[in-house]
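Comments concern the structure below.
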Amino acid sequence: MFRFNAHDRRLERSMEVALMLMEAFRGFEHKFAYRIVGHSGDGANIEFVKPGNYPKTEKEEFEILSKMRAHSQYCLSGDNTLGAASHSVKEIVKEEGDDHFVVILSDANIAQYNIHPDDIARVLKSDDRVTAQMIFIGSLQDQAEQLKKALGSNAHMCVENKELPKIMKALFLASMIKS
Numbered sequence: 027m028f029r030f031n032a033h034d035r036r037l038e039r040s041m042e043v044a045l046m047l048m049e050a051f052r053g054f055e056h057k058f059a060y061r062i063v064g065h066s067g068d069g070a071n072i073e074f075v076k077p078g079n080y081p082k083t084e085k086e087e088f089e090i091l092s093k094m095r096a097h098s099q100y101c102l103s104g105d106n107t108l109g110a111a112s113h114s115v116k117e118i119v120k121e122e123g124d125d126h127f128v129v130i131l132s133d134a135n136i137a138q139y140n141i142h143p144d145d146i147a148r149v150l151k152s153d154d155r156v157t158a159q160m161i162f163i164g165s166l167q168d169q170a171e172q173l174k175k176a177l178g179s180n181a182h183m184c185v186e187n188k189e190l191p192k193i194m195k196a197l198f199l200a201s202m203i204k205s
């Protein structure tokens, strides 16, 4: 992700989503539990924000974003999108809640790692209690467009940072309507 950030700002978009979520949930920690977890060539479950250990200040948010950036810069090459999605869907239902929502950000560079859209779709739909969605935040050639087509309503493309709040709002609204 770090390597291609200059091409399409995918790392910046990921960090903006994380910041947007931290800011949106600030003050509502008693009502919502959330995690911010990364995935890379190093693994499928790199925790940046744990439930109950939420950032309380802008400085703490900045420290989390700094860790995210450093991780992307120094991690091994590879893709754990499928493992991250699977882990997140399984983990979220362990917690009691009215709604279970998983959003996976991906740069859509999965073909070179032999990951197929059908495998992603199977994981996203693996538990009826979970609304799992994928947002593609970068792409080389038309990989993201092909994946979006294959995954249907479970996938979204974000090529401009200003689209992120709209996409997230639509995802949460769709989840609320489903419930």
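Here the sequence shown is numbered in this note's numbering, starting from 27 and rising by one per residue.
Where is the CB? At the ideal position from N, CA and C, for every residue including glycine.
C-beta atoms of residue i and residue j nearer than 9 Å
i    : j    : result
A196 : N180 : no
I72  : H56  : no
G109 : D68  : no
I90  : A44  : yes
R61  : L131 : no
K20  : H182 : Nothing can be reported for residue 20, as the shown portion of the chain is limited to 27 through 205.
D201 : F127 : In the sequence as presented, Asp is not what sits at residue 201; that position holds Ser. Closer than 9 Å, so yes.
P77  : E49  : no
V149 : V115 : yes
Identity of the residues DSSP links to residue i by a beta bridge
i    : result
A158 : V128
G69  : S66
H182 : I161
V149 : Beta-bridge pairing links V149 to no other residue.
K204 : Note: K204 sits in no beta bridge, so no partner.
K76  : N79
Simplified DSSP state of residue i, which is helix, strand or coil
i    : result
A170 : helix
M41  : helix
K82  : coil
K1   : Here the chain comprises residues numbered 27 to 205, so residue 1 is not present and cannot be evaluated.
F58  : coil
K192 : helix
D133 : coil
I141 : coil
N106 : coil
R52  : coil
Whole-number beta carbon distance between residue j and residue i, since they are thought to touch under 8 Å
i    : j    : result
N187 : E42  : 6 Å
A111 : I146 : 7 Å
H65  : N106 : 4 Å
Cut-off 7 Å between Cβ atoms - residues of its own chain near residue i, not counting five sequence neighbours on either side
i    : result
F28  : Confidence at F28 is low in this model, with a pLDDT of 49, below 50, so the placement of that residue should be treated as unreliable; the coordinate-derived value is given next. Hits under 7 Å: L37, S98 and Q99.
H113 : A70 and N71
A137 : Q169
Cβ-based neighbour list, residue i, same chain, cut-off 8 Å, excluding 5 preceding and 5 following
i   : result
A59 : P77, G78, E121 and G123
Neighbourhood of residue i by C-beta distance below 6 Å, restricted to the same chain and skipping five residues each side
i    : result
S152 : V115
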